[in-house]
Amino acid sequence: MPPTFINREQELAWLNGCYEKARETAQLLIVYGKRRVGKTELMKHFIEGKPHIYYLANRTTSEEQLRSATSVFAQGLGDDYLKPGSFQHWRDFFDYIGKKIKERNEPMIVIFDEFPYLAESHAGMSSFVQYAWDTWLKDARVIVILMGSSIAMMYKHALVHSAPLYGRRTGQWLLEPFDYRHTTQFYPGGTFARMFPLYAVSGGIPAYARVFDGKKSFQQNIIQQVLTEGSFLSVEPELLLADEFTDQRSYLTILKAIGAGRTKFSEIVQEAGLPATALPGYLKTLTHLRLVQKEVPVTETLPEKSKKGAYSLADPFLRFYFSFIFPQASLVKSGNFETLFSRHGGRLTALLAKAYEDATKEFVGRAISQGALPHFERLGRWWDKNTEIDLVGLNEEKNAVLFVETKWNEKPLDASVLKDVREKARRLAWGREERKEYYCVVAKGGFTDHAVKEARERHTLLIQEDKVMTGTS
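Going by our numbering, the sequence shown opens with residue 713, and the numbers climb by one from there.
Given below as structure tokens:
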């Protein structure tokens, strides 16, 4: 059985540090991240053994939210006389809890989970929280934590300069998905061949990773947990987009276009059928929400102004959905999964290869931390009209550059790949004269003995699957 709680040591250390600060100075924290990334699970571990009130908002009326919040806070504050209908207005509610919490000597943790739902139910909710903070809570021993899955709403109500709570927050944390190494803890004893494809689809989202079975084949997992009607992930893309957009149509056409392989601005315009003047705004929103990413060659000095950008789906599960499932919706709906995999398996292989390229940065980063490679300030892809290098590392101070080739191969690679990476390196003009060059090849299927021998002679680091091969650094 996988452990019930994985990683998050850094996040817990931050939260516990804030708890200690609250003995002297009140804390207002914003914790946000996409659906199912593990925000609630993190809070459960943080509040264990500490005085706390945890309120989970839902999509209902303001009146019903007020009744349920009153009930939860009455229990948390030990007030047997307070009834669900005691308050008619939110301001009265916040006056009550503010007075009660200010009387305490020990820090109290107050969590409003899915705060965007509260904000949706009443347009003045953020202002009510601001009022409570300014009037009562900023001088109390308290940690107020506002949590949410809608990144757009969390920015609107708490993080942008115009938000009512902008000047009040004392800290914020964007909870990220797990990397590959931490995701493998969901599959004790699993092999790379079984675990990496599951990571490629789950993207390190804990709730996704947990439903997959590391002892079953990749195809079995996809059929049982994604494709089958009523399965846990069968409607996840719809729920994910519903969290962020009230009108999904234009955003959906853009995601479909990028999922179909349209990576250039002009290609997306043509495929999505949207006006070229409107697309930048949509892309900016999708990028801000981390659903789409714009990549530019790592050597670009002003990446935000570069015209060499390539767009891709940043969310691995959405990438899988819009590239493999959505275009074959009829086959999926018919339940003819055998035909789906036999006819479109090549697309699935391409998706895994792309995920492996993306994960290369993690594998190389670990090699750097182990001392197998020196430090590089920037790591990213590089390309021009004729050449693409999967990962390039730059260190301007030391005039050093790293070239990495990634292969999602079945058979061991021969020594020709070592020559190929050097040939590509010659085409990248960067740095001063006599720059120091480093080389690395990452391969799922490993290398021939001859390739390993030559790599040692040519001082080329080899990474097989996700681990540095001994003696090649």
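Just so it is clear, CB atoms sit at the ideal spot from N, CA and C, and this is done for glycine as well.
Computed from a prediction, not measured in an experiment: that's the story for all the values here.
Residue burial classification, residue i (beta-carbon count within 10 angstroms, cutoff 16)
i: L951; result: exposed
i: R1138; result: exposed
i: Y793; result: exposed
i: T1209; result: Outside the displayed range of the chain (713 to 1185) lies residue 1209, so it cannot be described from this structure.
i: K1119; result: buried
i: Q777; result: buried
i: G942; result: exposed
i: R771; result: exposed
i: T896; result: buried
i: T1182; result: exposed
i: V872; result: exposed
Cβ neighbours of residue i in the same chain (closer than 8 angstroms, five flanking residues each side left out)
i: A875; result: S838, Y867, K868 and H869
i: Q842; result: P876, L877 and R880
i: R1147; result: N1111, A1112 and V1113
i: I970; result: I980, V1004, Y1023, S1024, L1025 and F1034
i: F717; result: E753 and H757
Cβ shell of residue i (< 6 angstroms), same chain only, five flanking positions each side left out
i: D1126; result: T1160 and A1163
i: G1158; result: P1124 and Q1176
i: I813; result: M820, A852 and V854
i: A738; result: L849, K850, A852 and V854
i: Y767; result: A781, V784 and F824
i: S978; result: none
i: N1107; result: F1088 and E1089
i: R1059; result: F1036
Among the options, the one whose alpha carbon lies nearest that of residue i
i: A905; options: A1112, E1122 and F944; result: E1122
i: I934; options: S774, V1044, G729 and K814; result: V1044
i: S1035; options: L849, E1012, K1066 and D1096; result: K1066
i: K1225; options: D846, N770 and R1093; result: Here the chain covers residues 713 to 1185 and nothing more, so residue 1225 does not appear.
i: E1069; options: T782, E826 and K1156; result: K1156
i: F805; options: L789, K762, E832 and R816; result: L789
i: H834; options: S774, A844, I863 and F785; result: S774
i: P918; options: K1131, D1178, V749 and I857; result: V749
i: D1096; options: E1166, S1042, S1128 and S1018; result: S1018
i: G761; options: T1051, K968, S862 and Y731; result: Y731
i: Y1151; options: T997, G1143, P1086 and R1002; result: P1086
i: S946; options: Y892, W726, D955 and F1029; result: F1029
i: G810; options: A769, P828, I765 and L830; result: I765
Cβ-based neighbour list, residue i, same chain, cut-off 7 angstroms, excluding 5 preceding and 5 following
i: K751; result: V743, G745, M859 and L887
i: F924; result: L910, S914, N933 and Q937
i: K968; result: F1034 and F1038
i: R779; result: P796 and G797
i: V1008; result: P1015, S1018, K1020 and G1021
One or two residues paired with residue i in a DSSP bridge
i: G1105; result: L1091 and L1114
i: A1155; result: K1119 and Q1176
i: Q739; result: I855
i: L1125; result: F1159
Residue i CB to nearest heavy atom of the ligand MN below 6 angstroms
i: V1113; result: With respect to the ligand MN, the structure shown offers nothing to examine, as it has no ligands at all.
Could you name each continuous alpha helix (DSSP H) segment of 4 residues or more that falls completely within the stretch 826–911, going from the start of the chain to the end? For the stretch 826–911, the continuous alpha helix (DSSP H) assignments of 4+ residues that do not extend past its boundaries occur at 827–833, 837–847, 863–866 and 892–895, in sequence order.
Length-filtered (4 minimum) alpha helix (DSSP H) runs lying within the stretch 966–1038: 977–984, 991–1000 and 1028–1032
In the stretch 758–791, which residue ranges form an unbroken alpha helix (DSSP H) of at least 4 residues, counting only runs that do not cross its ends? 774–788
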